[in-house]
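Visitor: Just so you know, we're using the working numbering here: the sequence shown kicks off at -6 and counts up by one. The beta carbon of each residue, even a glycine, is placed where N, CA and C say it ideally should be. Treat the numbers as computed from the prediction; the structure is a model and nothing was measured. Right, I'll just put the structure down here and ask away after.
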Amino acid sequence: MTSRSLIAALASAALVVSPARAPAQSGGGSLPMPPPPSGAKATPAAASKPAPGTPAAAPGAKPAQGAPAASGAKPTQGTPATPGAEAGAPATGTEGTPAATAPATDKKPQAAAEAPPPVPQKVDPGVFDQALKDYFDGKPRAAAGPLYAWLQAAPKTDDNYAWAQYFLARSLIDLGLTHAGASYLARIARERSNPNVIPRALDTLKELTDRPHDDVMIDEQVFGALDLGFLPEDTGAYAHYQQGLVDLRVGNERWANTHFAKLSETSAEASRAKFALLVTRLKQVKEPSEELIADFLGLSKDEKLTREARNEAALAVARLRYERLDYPGALEAYNLVKLPELDPGRASLYLEEAWTRYKLGELRASLGILTTLDAPSFRDEFLPDKYLLRALIYRDLCHYLPAKRAAKELTRRFADSLEAVHNRDDLTQDIRLRRAANSHGGTQRASRFVETLDLEGERLGRYAGSFGDRLFTHLTKLYDLSRAEAVRVYDARLAEAVRQEADTLLRAAEQVRLMEYEVGLKLYERVKKGAKLVAPEDEQLLTPDSVAFRFDGEYWNDELKSYRVSIESRCIEETP
């Protein structure tokens, strides 16, 4: 029973994605701005035209004498640009000697071989307009390929370049390729080529943070590194919160407070920032103060937080009070946890409440909660302490044989995992330990992100025909690289999380062995003359509005919190 599990909420993935930059092409005029979304005021840029009487150079044509060479080369005046030729080399032989024309002819194939790859052909400006029309007509599949082709050919200085990135990202997100869309939105935020697009890109990225996503690319490299002076209030508040979290992770609480102080007291980010600060301070103190517990209690009733965040705050209060041996206060805090209707709840929450009731002497109520944990919803949960607590309850009621059976159930159920630990096998391959590690914290987030990449990678194959070869190849490479990095991060977190779960299992197994030894001694203990049974406790009577049913092994979600076990004590009271 510890509150340290709350610290895992501050962990983030270490995934870096660097999408390939689109090659730029010099020349070409600006294209019209896309129709501004509702509420935005954007002036379309007029398409530039070549100077009168100056025709555009055909692809592959050699520059005229004295004209600058294409692709940025600067030949000497009067000499055509020849890749690979040395500057200042004479074109003719010595005086009286004819010019050596044969070597120059031999160098032409070599020059062609060393020439840079051709610049992508220009795309008709109408391609962008048609792609934009397809997107607003609800055809993101038809818009994605042309938008990518336009981006490959257009210069990055084009007024519509960032808009094309944005609508390509939105098209990919609408098609279920959220990671690919997020990579383009993150690129917009980093390049900042068009201030009108950045707020929309950041708002979309903020929405994606509610799903499994690349924590490093979005939370740290975008929101954690933004210049906050130009952002709207809502987006700026979220960016301040993320930058404060980054400072907290590296131990700079003073810098984090600087960011958190700029948050409005009435905003949800301010409440989340306070929760993060309390968790950080909890990690630094040995004995939590009553003031710290009161702060967590206040957050558990803060309606600006999500229900999940309020429940985490209530659980923090309950665990801290349990550590301070305030069991009635801990039980009161557990009752503050609110779950959706017919939700089965959390197995760890039930187990902690069962321990609290055991410490209060409510053995039958605690045994009823353990019955709840046998429901199919929790059958695969990693709860070795459940068997230990059940053995302790039976021992305290002097039911020694059931206590011994409960103790042996732990070693029987987790025999394979215990054997893997003792043999020093690779614990990440153990099914139970792996499932337990994937159920919470940073390992859970990394696992879900890998699953998301796998799902979107399979989904990408459906669009191979409509995307075109270039976009499909680009996205395939993007997902392959992203998944490789995500798997690396997940494996690193999994190894550490599995080790912690193995330690929990070993501690429970050691206590169970001690329990078996103690129960074995009690079984053969001689009863002294004059001993008598302990007087049974009075069972709590039903109120007029309560109904009791005998349990027949069938579980219902709305009954999981109300099981009680009727069991008599077999303990004897020895006379002095």
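Determine the direct distance from the alpha carbon of GLY513 to that of GLN504, and round the result to whole angstroms.
Guide: So the two alpha carbons sit approximately 14 Å from each other.
Visitor: Looking only at its own chain, which residues have a Cβ that is under 8 Å from the Cβ of LEU3, when we skip the five neighbours before and after it?
Guide: Low per-residue confidence applies at LEU3: pLDDT is 38, beneath 50, and the placement is therefore not dependable, though the value from the model is reported in the following sentence. Same-chain partners within the cutoff: LEU238, LEU241, ARG242, ALA269, VAL272 and THR273.
Visitor: Can the beta-carbon of LEU382 be found closer than 8 Å to that of CYS564?
Guide: For LEU382 and CYS564, no; Cβs fall outside 8 Å.
Visitor: What would DSSP say about ILE211, mapped onto helix, strand or coil?
Guide: Helix.
Visitor: So, helix, strand or coil for ALA541, using DSSP?
Guide: Here ALA541 sits in coil by DSSP.
Visitor: Span of the alpha helix (DSSP H) holding ARG185?
Guide: Premise fails: ARG185 is in no alpha helix (DSSP H) and is neither H nor E.
Visitor: Taking the runs of the alpha helix (DSSP H) that are 4 residues or longer, which of them lie wholly in the segment 347 to 393?
Guide: Qualifying alpha helix (DSSP H) stretches, in chain order: 356 to 365 and 377 to 389.
Visitor: Assign PHE129 to buried or exposed, taking buried as 16 or more other Cβ atoms, counted over all protein chains shown, within 10 Å of its Cβ.
Guide: It counts as exposed.
Visitor: DSSP state of PHE160, grouped into three classes?
Guide: The answer is helix: DSSP assigns PHE160 an H, G or I state.
Visitor: Does the Cβ of VAL482 have 16 or more other Cβ atoms within 10 Å, making it buried, or fewer, making it exposed?
Guide: The residue is buried, with at least 16 neighbouring Cβ atoms inside 10 Å.
Visitor: Could you tell me which of ALA340, ARG357 and LEU292 sits nearest to ALA326, measuring between CA atoms?
Guide: ALA326 has its Cα closest to that of LEU292, out of ALA340, ARG357 and LEU292.
Visitor: Exposed or buried, ALA218, counting other C-beta atoms within 10 Å across all chains shown (16 or more means buried)?
Guide: Result: exposed.
Visitor: Mapping the DSSP letters down to three states, classify HIS172 as helix, strand or coil.
Guide: The answer is helix: DSSP assigns HIS172 an H, G or I state.
Visitor: For LEU516, is the classification buried or exposed, using 16 other Cβ atoms within 10 angstroms of its Cβ as the cut-off for buried?
Guide: Exposed is the call here.
Visitor: Are the Cβ atoms of LEU363 and ALA384 separated by less than 8 Å?
Guide: In this structure, ALA384 does not lie closer than 8 Å to LEU363 by Cβ.
Visitor: With H, G and I counted as helix, E and B as strand and the rest as coil, what does DSSP make of ASN245?
Guide: ASN245: coil per DSSP, three-state reduction.
Visitor: Please list the terminal residues of the continuous alpha helix (DSSP H) segment that includes ILE560.
Guide: Here ILE560 belongs to no alpha helix (DSSP H), and DSSP marks it neither H nor E.
Visitor: Just tell me which of THR171, ALA146, GLN422 and GLU547 has its CA closest to the CA of LEU471.
Guide: Of the listed residues, the one whose Cα sits closest to LEU471 is THR171.
Visitor: Let me make sure I understand the geometry here. Which of ALA146, ALA157, THR150 and GLU258 has the alpha-carbon closest to that of PRO133?
Guide: The residue with the shortest Cα to Cα distance from PRO133 is ALA157.
Visitor: Between which two residues does the alpha helix (DSSP H) harbouring GLU489 extend?
Guide: 462 to 516 is the span of the alpha helix (DSSP H), which, as asked, contains GLU489.
Visitor: Does the Cβ-Cβ distance between ALA142 and VAL120 come in under 8 Å?
Guide: In contact: ALA142 and VAL120 (Cβ atoms closer than 8 Å).
Visitor: Give the range of the alpha helix (DSSP H) segment to which THR150 is assigned.
Guide: That residue, THR150, is in no alpha helix (DSSP H); it is neither H nor E in DSSP.
Visitor: In whole angstroms, give me the CA-to-CA distance for LYS255 and ARG300.
Guide: About 24 Å.
Visitor: Where does ASP288 sit, in a helix, a strand or coil, going by DSSP?
Guide: In the structure shown, ASP288 sits in a helix (DSSP, three-state: H, G or I).
Visitor: So what's ALA254 in DSSP terms, helix, strand or just coil?
Guide: Coil.
Visitor: Considering only residues of the same chain and omitting the five flanking positions on each side of ARG557, which have a CB-CB separation below 7 Å?
Guide: These residues qualify, in order along the chain: ARG357, ALA358 and GLY361.
Visitor: So the candidates are GLU316, GLN277 and GLN235; which of them puts its Cα closest to the Cα of GLU213?
Guide: Nearest C-alpha to GLU213: GLN235.
Visitor: In chain order, what residues of the same chain have a beta carbon less than 7 Å from the beta carbon of ALA232, not counting five sequence neighbours either side?
Guide: So the list reads PHE216, LEU219, LEU221 and LEU224, once near-sequence residues are dropped.
Visitor: Determine the DSSP secondary structure at HIS206, reduced to helix, strand or coil.
Guide: HIS206 falls in the coil class under three-state DSSP.
Visitor: Does the distance from the CB of ALA586 to the CB of LEU403 come in under 8 Å?
Guide: Since the first residue of the chain shown is -6 and the last is 569, residue 586 is not available in this structure.
Visitor: Is there contact here, the segment 173 to 183 with the segment 191 to 199, by at least three beta-carbon pairs under 8 Å?
Guide: Flag = yes, the segment 173 to 183 and the segment 191 to 199 touch.
Visitor: Please report the Cβ distance between ARG579 and ASP484, rounded to the nearest whole angstrom; I am assuming they are in contact, meaning their Cβ atoms lie under 8 Å.
Guide: Because residue 579 is not part of the residues shown, which for the chain are -6 to 569, the question remains open.
Visitor: With distance defined between alpha-carbon atoms, name the residue in ARG492, ARG185 and PRO537 nearest to GLN151.
Guide: Strictly speaking, residue 151 in this sequence is Asp, with Gln absent from that position. Checked all of ARG492, ARG185 and PRO537; the closest Cα to ASP151 is ARG185.
Visitor: Would you mind reading off the limits of the alpha helix (DSSP H) that contains ASN416?
Guide: Unbroken run through ASN416: none, as it is neither H nor E.
Visitor: Taking a contact to mean a Cβ-Cβ separation below 8 Å, would you say LEU344 touches LEU318 in this structure?
Guide: Taking 8 Å as the Cβ cut-off, LEU344 and LEU318 do not qualify as a contacting pair.
Visitor: Is the separation between the beta-carbon of LEU285 and that of LEU275 shorter than 8 Å?
Guide: Against a cut-off of 8 Å, the Cβ pair of LEU275 and LEU285 comes out as a contact.
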